[in-house]
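Engineer: Residue numbering for the sequence shown follows the UniProt record's numbering, beginning at 1 and increasing consecutively.
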Amino acid sequence: LLRKKQMTRLLFNQEQSVADVLEDNEDMDISTRILISNNGSSELLLEGDLLLPTTRNAMKCFRNSCLWKKSSNGLVTIPYTVSSAYTSAETSRIVNALQSFHQSTCIRFVPRRNQYDHISIQSRGGCYSSLGRTGGMQVLSLRRSGCMYYGIMQHEVNHALGFNHEQTRSDRDQYVKINWKNINPSNAYNFERQDTNNLNTPYDYTSIMHYGRTAFSINGRDSITPIPNSRVQIGQRKGMTRNDFQRINRLYRC
Numbered sequence: 001l002l003r004k005k006q007m008t009r010l011l012f013n014q015e016q017s018v019a020d021v022l023e024d025n026e027d028m029d030i031s032t033r034i035l036i037s038n039n040g041s042s043e044l045l046l047e048g049d050l051l052l053p054t055t056r057n058a059m060k061c062f063r064n065s066c067l068w069k070k071s072s073n074g075l076v077t078i079p080y081t082v083s084s085a086y087t088s089a090e091t092s093r094i095v096n097a098l099q100s101f102h103q104s105t106c107i108r109f110v111p112r113r114n115q116y117d118h119i120s121i122q123s124r125g126g127c128y129s130s131l132g133r134t135g136g137m138q139v140l141s142l143r144r145s146g147c148m149y150y151g152i153m154q155h156e157v158n159h160a161l162g163f164n165h166e167q168t169r170s171d172r173d174q175y176v177k178i179n180w181k182n183i184n185p186s187n188a189y190n191f192e193r194q195d196t197n198n199l200n201t202p203y204d205y206t207s208i209m210h211y212g213r214t215a216f217s218i219n220g221r222d223s224i225t226p227i228p229n230s231r232v233q234i235g236q237r238k239g240m241t242r243n244d245f246q247r248i249n250r251l252y253r254c
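Structure below.
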């Protein structure tokens with residue numbers, strides 16, 4: 001059973017809005033943007049952006065219960081709705097991010113008609129998603145101020161497809177060192193190693209699902225250090241890597 005989780009707390013100038021903080025730091029990695037956007041969210045979030053409760057790992061679904069269903073034509077069709085709170089430009093940006101999965105995988109996002117299982121994209125209190133298919137309507141939150149970045153959208157959609165964060169992989173200790181002394185003990189659960197099926201893919205430091213170096217740091221120092229080469233870049237701000245797409249294809253047998 002999951003322990004009681006505490007809200008993510010990040011320090012920044014209280015006179016600045018979240019949007020100002022993010023706009024002033026164009027080189028900020030995706031995970032840091034997400035954590036700042038989710039600061040003060042009323043939702044209980046695991047690892048910064050995963051809705052609770054959940055007792056399963058992204059790649060260890062019981063009988064694939066958290067995977068979206070594949071049609072007889074080999075495509076995985078996922079119905080979605082987009083809140084009317086978004087502007088037309090924001091809606092187009094969201095749709096473009098969804099369609100980026102169509103190019104290299106068998107995932108197909110389609111506007112919902114009357115399907116029961118579907119993703120409802122809404123502007124709530126941050127950037128977050130459930131882990132995999134939960135059944136019925138499941139909210140994927142992309143707050144208008146702070147979450148309207150291409151990489152963040154892809155990151156949260158990956159969660160909805162069933163993928164957890166890269167640095168929680170079962171083999172992560174071969175590739176990164178977790179610096180516990182730089183992490184508040186109340187946030188240590190965010191770095192727990194999981195029993196994952198890694199789909200025979202290499203550890204990807206630049207995966208869109210990887211935390212940045214200072215995620216949940218209490219002193220600005222590294223919470224995660226790559227090994228053996230500590231200078232390797234981790235976390236990024238652009239979009240999905242080849243490995244990210246490959247994992248979708250392997251998990252869903254595209």
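Built from N, CA and C at the ideal position, the CB exists for glycine as well. Here the structure is a predicted model, which means the values were calculated and not measured.
1. What is the DSSP secondary structure of Ser223, counted as helix, strand or coil?
2. Given Tyr175, which residues of its chain have a CB within under 6 Å of its CB, disregarding the five upstream and five downstream residues?
3. Taking Arg193 as the reference, which of Phe245, Glu166 and Lys181 has the closest Cα?
4. How would you call Asn13, buried or exposed, if buried means at least 16 neighbouring beta carbons within 10 angstroms?
5. To the nearest angstrom, how far is it from the Cα of Ala85 to the Cα of Ser92?
6. For Cys254, tell me which candidate among Arg33, Gly220, Lys69 and Met28 has the shortest Cα-Cα distance.
7. Given a cut-off of 8 Å, decide if Ala160 and Ser120 are closer than it, judged by their beta-carbon atoms.
8. What's the C-alpha gap between Leu51 and Ser37?
9. Note the first and the last residue of the continuous alpha helix (DSSP H) segment covering Gln246.
10. Once DSSP output is grouped into helix, strand and coil, what is the label at Thr54?
11. Have a look at Ile208 and Asn243 and give me their C-alpha separation to the nearest angstrom.
12. Answer with buried or exposed for His102, where buried requires no fewer than 16 other C-beta atoms within 10 angstroms of its C-beta.
13. Just verifying my parser: in three-state terms, what is the DSSP assignment at Met153?
Structural biologist: The answer reads as follows:
1. Note: Ser223 maps to coil in three-state DSSP.
2. Non-local C-beta neighbours of Tyr175 in its own chain, meaning closer than 6 Å and more than five positions away in sequence, comprise Tyr203, ordered along the chain.
3. With distances taken between Cα atoms, Arg193 lies closest to Glu166.
4. Residue placement at Asn13 is flagged as unreliable, the pLDDT there being 42, under the threshold of 50; a coordinate-derived value is accordingly withheld.
5. So the two alpha carbons sit approximately 13 Å from each other.
6. For Cys254, the nearest C-alpha among the options comes from Lys69.
7. Not a contact, by the Cβ cut-off of 8 Å.
8. Rounded to the nearest angstrom, the gap between the Cα atoms of Leu51 and Ser37 is 15 Å.
9. Arg242 to Leu251 is the span of the alpha helix (DSSP H), which, as asked, contains Gln246.
10. Unreliable positioning characterises Thr54 in this predicted model, as indicated by a pLDDT of 45, which lies under 50. A coordinate reading is not provided.
11. Put simply, the backbone Cα of Ile208 is about 10 Å away from that of Asn243.
12. Classification for His102: exposed.
13. If DSSP states are grouped into helix, strand and coil, Met153 belongs with the helices.
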